[in-house]
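Let me begin by presenting the structure, written as structure tokens, before commenting on it.
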Amino acid sequence: MADWNPHIELIEGEIHKNFLREAYAYAWNHSHDATSKIGAVIVSHSLDEIIARGANHFPCGLNPTKEQIADRNWKYEHIIHAEPSAIFSAARNGKSTECAVIYLPWIPCTPCAKAIIDAGIKQLIGHKDMIMKTPEHWQQSTDYALKLLEKCGVKKFMYDGKIGGVENLFDGKLWYP
Ligand SMILES: [Zn+2]
Numbered sequence: 406m407a408d409w410n411p412h413i414e415l416i417e418g419e420i421h422k423n424f425l426r427e428a429y430a431y432a433w434n435h436s437h438d439a440t441s442k443i444g445a446v447i448v449s450h451s452l453d454e455i456i457a458r459g460a461n462h463f464p465c466g467l468n469p470t471k472e473q474i475a476d477r478n479w480k481y482e483h484i485i486h487a488e489p490s491a492i493f494s495a496a497r498n499g500k501s502t503e504c505a506v507i508y509l510p511w512i513p514c515t516p517c518a519k520a521i522i523d524a525g526i527k528q529l530i531g532h533k534d535m536i537m538k539t540p541e542h543w544q545q546s547t548d549y550a551l552k553l554l555e556k557c558g559v560k561k562f563m564y565d566g567k568i569g570g571v572e573n574l575f576d577g578k579l580w581y582p
């Protein structure tokens, strides 16, 4: 873990911090995951409009029991990650994600990287403090997802600094981004 480095270019600016805060806040209020709350916000290419928000959650109408949620295998099988959640939300609302920017505090897994690529999203902005929390068992998938994004022309950046005004649950631990 200490040696792991995702090699993502840093980005500065209040606007990026604000959209990352939106992603954290949406995750806090809408994630169904009891251990890691992940959010995503899709913004237009010109950064002047929020196209969609998403959080890791179970499909609408599934209403799982507490026992099902607590069962890791059941959870992985049924949960929708934050990135497709935001893309689906855009689809439902008839908004194009072509050339959009996705604010995602964490790094996508490989299936989500594929979804981002094929949704036409061209830029991904994460949060360094959260990315560096990536558990060891996810690092390999994460490194592969980053390579895939690079190969398919999605630019990646990470914001280095405190977000403020939000709390988050990651890998079962509460922290203040
Ligand atoms: Zn994913």
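Just so you know, my numbering puts the end of the sequence shown at 582, numbered straight through with nothing missing. Each residue gets a CB set at the ideal place from its N, CA and C atoms; glycine is no exception.
Closer than 7 angstroms to a non-hydrogen atom of ligand 1 - does that hold for the CB of residue i?
i: residue 557; result: no
Report back the beta-carbon spacing between residue i and residue j to the nearest angstrom; my notes put them in contact at under 8 angstroms.
i: residue 490; j: residue 531; result: Actually they are not in contact, since the Cβ atoms of residue 490 and residue 531 sit about 17 angstroms apart, beyond 8 angstroms.
i: residue 442; j: residue 566; result: Their Cβ separation, rounded to whole angstroms, is 20 angstroms, which puts residue 442 and residue 566 out of contact at 8 angstroms.
i: residue 457; j: residue 519; result: Actually they are not in contact, since the Cβ atoms of residue 457 and residue 519 sit about 18 angstroms apart, beyond 8 angstroms.
i: residue 485; j: residue 510; result: 17 angstroms between Cβ atoms; not a contact.
i: residue 562; j: residue 416; result: 4 angstroms
i: residue 564; j: residue 538; result: Not confirmed; about 14 angstroms, so no contact.
Consider the C-beta atom of residue i and the heavy atoms of ligand 3; say whether any pair is separated by less than 7 angstroms.
i: residue 516; result: Absent from the structure shown: ligand 3. Ligands present: ligand 1.
Check this for me: beta carbons of residue i and residue j, under 8 angstroms apart or not?
i: residue 582; j: residue 429; result: yes
i: residue 461; j: residue 494; result: no
i: residue 521; j: residue 411; result: no
i: residue 481; j: residue 515; result: no
i: residue 470; j: residue 577; result: no
i: residue 524; j: residue 487; result: no
i: residue 390; j: residue 570; result: The requested residue 390 is not part of the displayed model; the chain covers only 406 to 582.
i: residue 394; j: residue 409; result: Any answer about residue 394 is impossible in this case: the structure gives the chain only from 406 up to 582.
Exercise for the section: Pull every residue with its beta-carbon under 7 angstroms away from any heavy atom of ligand 1, and keep them in chain order. Expected result: 486, 488, 513, 514, 516, 517
Exercise for the section: Determine, using beta-carbon pairs with one atom in the segment 549 to 567 and one in the segment 470 to 480, whether at least three such pairs fall under 8 angstroms. Expected result: no
Problem - Inter-stretch contact at 8 angstroms, needing at least 3 Cβ pairs: the segment 442 to 457 / the segment 504 to 520 - result: yes
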